[in-house]
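Chemist:
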Amino acid sequence: MLLVSLMSPGALVVRVALFVLVVLVVLAVLVVVLAVLVVLAVLVVLVGSVRRIRAAVSGRPLPSLHRRRDPGSGSG
Numbered sequence: 007m008l009l010v011s012l013m014s015p016g017a018l019v020v021r022v023a024l025f026v027l028v029v030l031v032v033l034a035v036l037v038v039v040l041a042v043l044v045v046l047a048v049l050v051v052l053v054g055s056v057r058r059i060r061a062a063v064s065g066r067p068l069p070s071l072h073r074r075r076d077p078g079s080g081s082g
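Residue 7 is where the sequence shown starts when you use the numbering used here, and the numbers rise one by one after that.
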């Protein structure tokens, strides 16, 4: 019965509807993936901020890649 309906003149409408449905599903999946990535980025920023705040409160500096002054090297 499905094959008969696909061979009928209304098959174009069915194909277009299926195409639109697939496109909408793909877009929905992309939106969900982007939302997850945004949430992860926000969590990373928040965790970094919390670590920075805790280090500032405890009084010990965080190990950073760009050190401005290194008293042990004597180049300052």
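Every residue gets a Cβ at the ideal spot worked out from N, C-alpha and C, and that includes glycine.
Using the Cα positions of V26 and L33, report the straight-line distance between them to the nearest angstrom.
Modeler: Their Cα atoms are separated by approximately 10 Å.
Chemist: So the alpha helix (DSSP H) S55 belongs to, where does it begin and stop?
Modeler: From DSSP, the alpha helix (DSSP H) with S55 extends over A17 to S64.
Chemist: If you drop the 5 nearest sequence neighbours on each side, which residues of the same chain put their C-beta closer than 7 Å to that of L36?
Modeler: None.
Chemist: Cα separation between G65 and V45?
Modeler: Roughly 30 Å separates the two Cα atoms.
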